[in-house]
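Protein chains: 2
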Amino acid sequence: MQRGQESLDAVKVRTLPVQVAAHLTRRIVRGDFEDGRAPSELDISREFGVSRVVARETLKILASLDIVDVAQGRRVVVRPRAEWDYLSPLLIEWLPEEIVGELLQELDQMRVLLEPELAAMAAASITDETLNRLRDELDRMAALEGDPDAYLEVDHEFHMEICRAADNRILDRIMYSARWLGTASRRITNEAPAALRKATADHAEIYEALLARDPARARAAMRKHLSNNSALLAEKKQQTKRAARRR
Amino acid sequence: MQRGQESLDAVKVRTLPVQVAAHLTRRIVRGDFEDGRAPSELDISREFGVSRVVARETLKILASLDIVDVAQGRRVVVRPRAEWDYLSPLLIEWLPEEIVGELLQELDQMRVLLEPELAAMAAASITDETLNRLRDELDRMAALEGDPDAYLEVDHEFHMEICRAADNRILDRIMYSARWLGTASRRITNEAPAALRKATADHAEIYEALLARDPARARAAMRKHLSNNSALLAEKKQQTKRAARRR
DNA sequence: AGGTCCAACTTGTCCTATAAGCTGATGACA
DNA sequence: TGTCATCAGCTTATAGGACAAGTTGGACCT
Chain A
1 MQRGQESLDA
11 VKVRTLPVQV
21 AAHLTRRIVR
31 GDFEDGRAPS
41 ELDISREFGV
51 SRVVARETLK
61 ILASLDIVDV
71 AQGRRVVVRP
81 RAEWDYLSPL
91 LIEWLPEEIV
101 GELLQELDQM
111 RVLLEPELAA
121 MAAASITDET
131 LNRLRDELDR
141 MAALEGDPDA
151 YLEVDHEFHM
161 EICRAADNRI
171 LDRIMYSARW
181 LGTASRRITN
191 EAPAALRKAT
201 ADHAEIYEAL
211 LARDPARARA
221 AMRKHLSNNS
231 ALLAEKKQQT
241 KRAARRR
Chain B
1 MQRGQESLDA
11 VKVRTLPVQV
21 AAHLTRRIVR
31 GDFEDGRAPS
41 ELDISREFGV
51 SRVVARETLK
61 ILASLDIVDV
71 AQGRRVVVRP
81 RAEWDYLSPL
91 LIEWLPEEIV
101 GELLQELDQM
111 RVLLEPELAA
121 MAAASITDET
131 LNRLRDELDR
141 MAALEGDPDA
151 YLEVDHEFHM
161 EICRAADNRI
171 LDRIMYSARW
181 LGTASRRITN
191 EAPAALRKAT
201 ADHAEIYEAL
211 LARDPARARA
221 AMRKHLSNNS
231 ALLAEKKQQT
241 KRAARRR
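Those sequence lines, one after another, are chains A and B.
Going by full-length UniProt numbering, the first sequence opens with residue 1, and the numbers climb by one from there.
Going by full-length UniProt numbering, the second sequence opens with residue 1, and the numbers climb by one from there.
And the structure:
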């Protein structure tokens with residue numbers, strides 16, 4: 001299986017269409033098709049040395065992320081960046097770090113708006129079963145403070161559990177879409193291990209509020225927890241800015 | 001071009017894969033594959049009388065909506081309904097009315113959480129240009145009170161304009177995903193034309209607050225506007241319940 | 001100059017073939 | 001009899017070639 005001039009053959013992590021889509025997206029971000037005309041199926045097929053089937057699926061992926069518009073007979077056109085699907089973990093993965101940094105802040109803003117309310121909603125309708133699972137996750141997190149990666153895995157599960165308890169499929173989906181936050185913020189939180197202990201205390205407080213089925217207290221506890229997180233992010237942003245100024 | 005036993009040939013509104021995906025989703029919702037094993041590419045190809053390419057793209061669509069899991073060598077499996085992408089207008093279109101009704105309420109809950117804050121954020125950073133567009137849309141809505149469909153079109157644009165002004169791509173995307181609300185709620189609002197005049201007044205108040213660049217007032221105005229909407233939805237829900245009880 | 005129409009290009013769909021990955025059942029071995 | 005390696009048969013992934021159908025821009029005619 002031969003490839004074209006673009007080297008895709010690093011490691012076969014994903015299917016060919018996904019790899020090609022990643023390359024193309026990066027080129028679009030770089031500004032290669034500023035006239036709005038993106039490569040056609042045949043162009044892609046030739047340039048990357050893949051079959052038309054793969055080129056086709058590549059365009060389907062880009063279209064599903066609202067990166068391009070595809071229609072029979074018409075040329076493929078790049079859509080305005082403002083309309084891209086920034087909720088998709090796939091897209092995030094392909095964006096340059098500085099944009100992801102900005103998105104991380106915007107996503108944090110969203111969490112601050114939603115999660116306290118989700119906690120309050122959950123407090124009103126949470127089941128004993130869910131409470132048990134939360135208790136369990138709490139214990140596991142306490143044991144994992146030395147391993148930030150594993151910790152954040154459980155951390156995310158803890159938050160999603162609460163989200164699910166709020167019993168709203170739309171909000172649940174939104175928070176689920178934000179799961180890439182975990183991967184992206186990992187780098188940040190790893191640098192500040194002391195924050196993990198603080199997080200554990202926060203989580204315990206949220207759990208207590210839910211156990212007491214007290215919406216107001218759950219909201220407040222979640223809000224406090226998130227404000228710690230936001231502070232960390234803002235600090236990181238400052239560092240990035242300083243680094244940029246040094247350049 | 002001949003079709004299989006399932007009749008897809010109503011009107012060619014969309015591509016074949018989309019039509020087949022719609023049919024399959026409806027069957028999944030109906031509970032046809034409760035064992036979790038969904039039809040394979042060949043199954044679909046045979047049953048609907050389409051080529052394997054189309055069957056393949058069908059599965060890709062279902063996978064992108066998190067309705068099924070597809071992997072090489074493994075059978076296609078249906079994912080738990082809780083994990084489906086309820087933010088996708090495509091999926092919503094294929095769901096039975098009663099589920100859409102529930103989702104409408106959950107979506108309303110989301111809007112109540114987000115939109116007032118979006119309005120407040122917008123008030124802090126809105127440009128004169130955006131204000132002009134809002135003014136224009138306000139005028140157009142006033143003229144369109146007799147035509148609910150056209151009215152709601154502009155209504156949606158008005159809300160999205162504010163959302164964009166808040167300058168947060170994530171939140172913007174979330175609200176954009178909720179655009180199916182327009183179509184779905186159209187039926188409801190059409191029944192209560194008096195509500196349109198009320199909405200116009202609400203919109204004007206929001207506009208005034210933005211013009212004054214007063215976040216708190218913008219938040220309050222938006223909250224009031226949405227509470228009217230929520231009331232309408234709740235009323236509709238009551239009617240549906242009564243109708244169900246009669247059955 | 002203005003309008004009509006067609007040729008070239010583009011995506012949509014079909015067919016057939018091969019590669020690659022998974023699963024369950026068969027059968028060898030302890 | 002129980003355990004484990006192996007493989008046949010299923011599945012998706014990719015390739016190549018063909019034709020249908022829709023769009024666009026330019027050639028051509030008036």
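No residue lacks a Cβ here, since even glycine has one placed at the ideal position from N, Cα and C.
Option nearest residue i by Cα separation, candidates the options
| i | options | result |
| --- | --- | --- |
| R81/A | L196/A, E34/A, D214/A and A195/A | E34/A |
| A166/B | A218/B, S88/B, H23/B and I126/B | I126/B |
| A122/A | H156/A, G31/A and Y207/A | Y207/A |
| D50/A | V18/A, R197/A and A218/A | The question names Asp, but residue 50/A in the sequence shown is Val. That would be V18/A, whose Cα lies nearest to the Cα of V50/A. |
| S64/A | E47/A, R52/A and E83/A | E83/A |
| Y151/B | D66/B, E129/B, D128/B and A195/B | A195/B |
| N132/B | A204/B, T183/B, L42/B and L87/B | A204/B |
| L91/A | R46/A, E153/A, A184/A and E129/A | A184/A |
| V154/A | D172/A, K224/A and R135/A | R135/A |
| D139/B | D128/B, L62/B and R197/B | R197/B |
Residue i, enclosing alpha helix (DSSP H) - first and last residue
| i | result |
| --- | --- |
| A150/A | P148 to A165 |
| I67/A | No alpha helix (DSSP H) contains I67/A, which DSSP labels as neither H nor E. |
| I92/A | P89 to W94 |
| I206/A | A194 to L211 |
| I170/B | R169 to S177 |
| Q109/B | E97 to S125 |
| Q19/B | L16 to R30 |
| A142/B | D128 to A143 |
| F48/B | E41 to F48 |
Pair within 8 Å by beta-carbon distance, residue i and residue j
| i | j | result |
| --- | --- | --- |
| I162/B | A212/B | no |
| R75/A | S40/A | yes |
| T25/B | I44/B | no |
| I99/A | L103/B | no |
| V68/A | R79/A | yes |
| F158/A | E145/A | no |
| L226/B | E115/B | yes |
| L232/A | Q105/A | no |
| G36/A | V77/A | yes |
| L95/A | A178/A | no |
| V20/B | F48/B | yes |
| M141/B | T200/B | yes |
| R219/B | E117/B | yes |
| I174/B | I61/A | no |
| V54/A | L87/A | no |
Residues that residue i contacts on chain B, provided the C-beta gap is smaller than 9 Å
| i | result |
| --- | --- |
| M110/A | L114, N168, I170, L171 and I174 |
Neighbour list for residue i in chain A, Cβ cutoff strictly below 8 Å
| i | result |
| --- | --- |
| Y151/B | Per Cβ cutoff of 8 Å: no residues; Y151/B is ~24 Å from chain A at best. |
| D85/B | R173 |
| E106/B | N168, R169, I170 and L171 |
Contacts of residue i in chain B (Cβ-Cβ under 7 Å)
| i | result |
| --- | --- |
| L103/A | R169 and I170 |
| E117/A | L113 |
The UniProt domain "HTH gntR-type" (14-81) of chain A: positions lying closer than 8 Å to chain B by Cβ = V53, E57, K60 and S64
request  = Mind checking the segment 204-215 of chain A against chain B and listing, in chain order, the residues whose C-beta falls within less than 8 Å of any C-beta there?
outcome  = none
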